[in-house]
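Some notes on the structure that comes next.
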Amino acid sequence: MKHSDIIIIGGGAAGMMAAYGAAPELRRSSAGKDTQVPEVTVLEKMPRPGRKIMITGKGRCNITTTRGWQDFSSHIHPKPNPLKMAFYNFSTGDTVRFFNEHGLETVEERGERVFPASQKAADVVDTLYKAASEAGAIFETGCEVTDITVEAKDIAAEDTDTAAEETDKDGAADMRRFRITCADGRKFSCRKLIITTGGLSYPGTGSTGDGYRWAESLGHTVSRCFPSLTAVVPEGYKTESKISSRGDNDMTSPASDGTGKRLKGHIDRSTPLSETGSALNGNQLKNIGLTLFIDGSPVQEEFGDIDFTDGGLEGPVGFKISRRCVNAILNGSKASISIDLKPAVSPEALSKRIDSLWKEIVADRRSQGKSYSDRFKVLLGKVIPMSLIKGFIRCSQRLDHRNLASALKNWKMDIKGYVGFERCVITAGGVSTAEIVAKTMESKVCPGLYFAGEILDLDGDTGGFNLQTAFSTGMLAGESAAKALL
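If you're matching positions, the sequence shown starts at 1 in full-length UniProt numbering and goes up one per residue.
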């Protein structure tokens with residue numbers, strides 16, 4: 001059995017930042033002392049760390065945002081306060097400086113979003129890994145953890161690198177040990193354990209909800225997990241819903257909430273598009289207004305861009321409403337949206353403009369002899385993208401030139417479901433922050449245990465908020481675990 005002072009399970013954004021935060025603290029404490037150099041070990045089950053970071057921002061990686069806490073906090077759910085101390089300990093500005101000082105140039109883009117100047121997510125992973133490694137952290141890859149136990153007693157010399165009694169920062173005997181077993185037979189022990197295993201999103205990157213089960217086994221409460229920043233699926237957009245063929249007890253199924261329970265409203269992304277979905281797929285609409293309704297009441301208004309994809313409604317605005325949509329469907333409520341394709345124009349002005357265009361079309365000699373349908377399509381081509389016409393007509397009932405202005409200002413869609421963890425950006429829900437000490441990220445339930453990143457019940461909007469949350473909580477957890485050993 002190999003002993004480390006601190007073990008971090010999960011080599012993602014939070015895990016690598018935790019390693020970077022912990023290793024220098026421990027090495028500084030041992031400098032000049034006739035003792036074994038303390039160790040920080042990261043256990044990563046994938047062949048290399050940072051797999052999920054590689055796909056963020058479509059491979060470009062939106063590292064963070066330039067926003068301060070007041071603005072930043074409005075984009076964190078369900079409650080931002082548990083993140084506040086971690087943010088002030090390692091802010092958005094600190095994140096930018098960290099990458100710059102470690103050789104990665106960054107650029108700020110529209111929406112106060114920060115990206116690597118190289119536009120390569122791989123460079124972000126390499127920078128994090130190199131920084132943590134050079135600080136003294138050891139990475140054990142291909143190491144899938146299968147079991148964690150806690151022993152509040154001294155461990156025999158034959159099981160560890162040392163049997164000497166150890167003390168915590170207050171000088172009291174620290175006999176607690178975490179024992180960790182891996183699938184390949186490797187065994188580890190540590191005095192401080194940091195769990196940064198992420199959530200359930202993109203399970204192919206290694207995020208399969210393992211950390212939730214360990215958290216519960218160690219006494220923690222895990223709130224309901226569900227997909228966020230995901231495609232929402234309008235009624236009639238897909239053919240008959242295709243649910244994963246895996247059983248209800250498969251906790252890694254994208255249709256599961258991580259406990260084996262089915263997610264109501266989940267529609268597998270691979271479900272074929274209907275004719276309406278095929279007609280809308282590929283359209284990217286800029287500067288639209290969107291209102292989300294839950295059980296008929298408006299609850300959220302957004303302005304920006306939406307994308308119709310093979311999954312459903314995505315893009316910045318689609319992602320922004322997805323959390324509330326999914327949560328509503330899970331709670332048995334009805335979600336619907338109204339899209340305003342012409343938010344900068346009043347209904348009256350738009351109606352007058354359409355009347356004028358219609359008169360021009362009717363008077364045009366080239367339209368003589370054409371059917372009403374053909375003339376109407378000419379009108380549509382003057383007010384919406386040509387690629388949108390077929391899908392817009394299929395979604396609108398009894399559409400003609402007289403009610404077109406109203407249809408453009410109030411394009412209604414009922415939301416039938418959503419794409420699950422197979423392709424969502426982030427997991428909402430997780431380890432209850434009420435059971436975490438906000439100033440250290442240490443468990444209130446199990447001393448010596450820390451959490452950071454997506455595993456916590458903290459999730460953000462699109463725009464760099466989730467990675468920053470991972471960096472902030474990871475750094476605080478790493479530093480706190482190390483200081484507790486000094």
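Cβ coordinates follow ideal geometry from the N, Cα and C atoms, glycine included. Just so it is clear, the structure is predicted and the values come from calculations on it, not from any experiment.
- Rounded to the nearest angstrom, the Cβ distance from R60 to A121 is 6 Å, consistent with a contact under 8 Å.
- Counting only residues of its own chain and dropping the five nearest sequence neighbours on each side, T239 has a CB closer than 6 Å to the CB of P272, S274.
- With respect to the 9 Å criterion, G429 and I76 are not classified as neighbours on the basis of their beta carbons.
- E101 counts as exposed, since fewer than 16 other C-beta atoms from the protein chains shown sit within 10 angstroms of its C-beta.
- Within the model, the alpha-carbon separation for S480 versus E108 is close to 31 Å.
- Judged by DSSP in its simplified three-state form, P82 adopts helix.
- Less than 9 Å divides the Cβ of K45 from the Cβ of G206.
- Contact annotation: K352 and M85 have beta-carbon atoms that are not nearer than 9 Å.
- Secondary structure in the UniProt domain "RsdA/BaiN/AoA(So)-like insert" (278 to 422): the beta strand (DSSP E) runs of 3 residues or longer, each lying completely within the stretch, are 284 to 294, 297 to 308, 335 to 340, 411 to 418 in chain order.
- For the pair F376 and H401, the CB atoms are nearer than the 9 Å cut-off.
- Excluding its 5 nearest sequence neighbours in each direction, N466 has C-beta neighbours in its own chain below 6 Å: I426, G460, listed in chain order.
- Contact between the segment 339 to 358 and the segment 400 to 416 is present: three or more C-beta pairs spanning the two stretches fall below 8 Å.
- Per DSSP, reduced to three states, the secondary structure at V445 is coil, with no helix or strand assignment.
- The continuous stretches of alpha helix (DSSP H) do not include K52, and DSSP gives it neither H nor E.
- The three-state reading of DSSP puts Y202 in coil, since its state is none of H, G, I, E or B.
- By the CB criterion at 9 Å, L486 and E140 fall outside the cutoff.
- Selection R323, S297, S223, G199 evaluated against V232 yields R323 as nearest (Cα-Cα).
- Within its own chain, the residues whose Cβ lies closer than 7 Å to the Cβ of L313, once the five positions on either side in sequence are excluded, are A231, V232, P234, I306, listed in chain order.
- Between I194 and Y418, the gap from beta carbon to beta carbon reaches 9 Å or more.
- Rounded to the nearest whole angstrom, the CA to CA distance from A152 to G12 is 29 Å.
- Exclusion of the five residues before and after K342 leaves L350, L408, K409 as the residues of its chain whose Cβ lies within less than 7 Å of its Cβ.
- Among the bridge pairs identified by DSSP, D459 is matched with H77.
- For R213, the enclosing alpha helix (DSSP H) covers residues 210 to 217.
- For Q119, the closest of I53, L330, K2, R269 by C-alpha to C-alpha distance is I53.
- Here the alpha carbons of S73 and N81 stand approximately 8 Å from one another.
- Sorting D184, T208, S432 by C-alpha distance to the C-alpha of S223 places S432 at the top.
- Comparing alpha carbon positions, the residue from W411, L388, G332 closest to L290 is W411.
- With a cutoff of 9 Å on beta-carbon distance, G199 and I455 are scored as near each other.
- For G448 and A23, the gap between their C-alpha atoms comes out near 16 Å.
- By the neighbour-count criterion, in which a residue is buried when 16 or more other Cβ atoms sit within 10 angstroms of its Cβ, G282 is exposed.
- In the structure shown, S91 adopts coil according to DSSP, grouped into three states.
- Across the set T221, V42, E301, the C-alpha of V42 shows the shortest separation from the C-alpha of Y20.
- Looking at the backbone, the Cα of G311 and that of S270 are separated by about 8 Å.
- In this structure, W214 sits near V145, with a CB-CB distance shorter than 9 Å.
- Residue C225 holds the alpha-carbon nearest to the alpha-carbon of D457 among C225, W69, A482, S472.
- By the Cβ neighbour-count rule, A470 is buried, with 16 or more other Cβ atoms within 10 Å of its own.
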